[in-house]
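Residue numbers (the working numbering): 278 to 547.
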């Protein structure tokens, strides 16, 4: 009987022994919740989009149209943009609907692009023009790299205007006859510029002029001399001081009586 009373006594003591443990666990939970709540949420960094020139045909030569790349791998993003064509009715795209960049790879400063059958079934002249678009556009992104255009696993046939097959890998020099009306080395697209003026460095097929379009208004026209020009920036006002605004650098060359204009997006900081 005494043993039973001792056992019953144990059952009365047990809740008192457990209570401090419950309090300890509760305290730990509160601390855990407080620590979790104290961790600040870190916002994802904004996606940085690169602005690149895509080359289409304006008459018998290439002309750049600047666009922001999407989130795909650079080569895939560029090819998708090229294949979409252009809304500019003065430009022509020779990359056909349905053309696909199957894969892209690099090896020893060479860029290897595998294109599907839709591309390789183009007529000879159109295939040459489409290849020129790809090579000039990719060369901007992959500076210094030569380019293979592959039909499955072998270099595809690219014939020039004389019926001569081009030796791969390809460079821009292989398409000298259709080289762009203007190629801008400085400033880079999307650059933020400030001060009283800024330098423009470009190569062009014909004599050219440069002007800066800010707020829908065009500034003074400056001639490109030996591929260079110093372009004035509009003077800041009390209202614009310390602000930034979008601008467009327009470089114009003449194709006979036709104006060929390359438009480079910039940001002006007053």
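A virtual CB, placed ideally from N, CA and C, is assigned to each residue, including glycine.
Computed from a prediction, not measured in an experiment: that's the story for all the values here.
CA-to-CA distance, residue j to residue i, given in whole angstroms
| i | j | result |
| --- | --- | --- |
| residue 354 | residue 346 | 6 Å |
| residue 394 | residue 348 | 26 Å |
| residue 434 | residue 493 | 46 Å |
| residue 504 | residue 480 | 5 Å |
| residue 426 | residue 473 | 45 Å |
| residue 508 | residue 461 | 14 Å |
| residue 436 | residue 339 | 18 Å |
| residue 500 | residue 487 | 6 Å |
| residue 457 | residue 442 | 22 Å |
| residue 405 | residue 453 | 12 Å |
| residue 444 | residue 428 | 14 Å |
| residue 327 | residue 361 | 18 Å |
| residue 465 | residue 531 | 23 Å |
| residue 495 | residue 521 | 17 Å |
| residue 539 | residue 497 | 17 Å |
| residue 535 | residue 455 | 17 Å |
| residue 397 | residue 478 | 36 Å |
| residue 420 | residue 512 | 36 Å |
Reduced DSSP category for residue i - H, G, I as helix; E, B as strand; rest coil
| i | result |
| --- | --- |
| residue 371 | coil |
| residue 365 | coil |
| residue 412 | helix |
| residue 432 | strand |
| residue 464 | coil |
| residue 443 | coil |
| residue 545 | strand |
| residue 537 | strand |
| residue 342 | strand |
| residue 353 | helix |
| residue 503 | coil |
| residue 454 | helix |
| residue 402 | helix |
| residue 395 | helix |
| residue 360 | helix |
| residue 469 | strand |
| residue 479 | strand |
| residue 329 | strand |
| residue 407 | helix |
| residue 459 | strand |
| residue 417 | helix |
Neighbour-count burial assignment, residue i, 16 or more Cβ in a 10 Å radius
| i | result |
| --- | --- |
| residue 307 | Residue placement at residue 307 cannot be trusted, given a pLDDT of 42 that sits under 50; the coordinates are not used to answer. |
| residue 510 | buried |
| residue 524 | buried |
| residue 463 | exposed |
| residue 485 | buried |
| residue 450 | exposed |
| residue 430 | exposed |
| residue 506 | buried |
Whole-number beta carbon distance between residue j and residue i, since they are thought to touch under 8 Å
| i | j | result |
| --- | --- | --- |
| residue 356 | residue 410 | That belief does not hold up - the Cβ atoms of residue 356 and residue 410 are roughly 10 Å apart, past 8 Å. |
| residue 368 | residue 334 | 6 Å |
| residue 330 | residue 341 | 3 Å |
| residue 424 | residue 388 | 5 Å |
| residue 376 | residue 390 | Between residue 390 and residue 376 the Cβ distance is about 11 Å, and since that is not below 8 Å, they are no contact. |
| residue 399 | residue 432 | Not a contact, Cβ separation roughly 16 Å. |
| residue 491 | residue 546 | Residue 491 to residue 546, Cβ: 12 Å. No contact. |
Closest Cα partner of residue i within the set the options
| i | options | result |
| --- | --- | --- |
| residue 533 | 503, 496, 483, 405 | 483 |
| residue 337 | 415, 463, 407, 424 | 407 |
| residue 467 | 491, 374, 541 | 541 |
| residue 528 | 399, 476, 403, 364 | 476 |
| residue 537 | 383, 425, 459 | 459 |
| residue 359 | 412, 464, 495 | 412 |
| residue 439 | 445, 402, 418 | 402 |
| residue 471 | 544, 332, 449 | 544 |
| residue 414 | 385, 448, 547, 384 | 448 |
| residue 364 | 383, 430, 343 | 343 |
| residue 332 | 384, 417, 373, 398 | 417 |
| residue 489 | 526, 522, 530, 455 | 526 |
| residue 446 | 522, 539, 520, 384 | 384 |
| residue 422 | 465, 512, 386, 396 | 386 |
Residue i: CB within 7 Å of a non-hydrogen atom of the ligand PLP
| i | result |
| --- | --- |
| residue 414 | Looking for the ligand PLP in the displayed structure turns up nothing, as the structure carries no ligands at all. |
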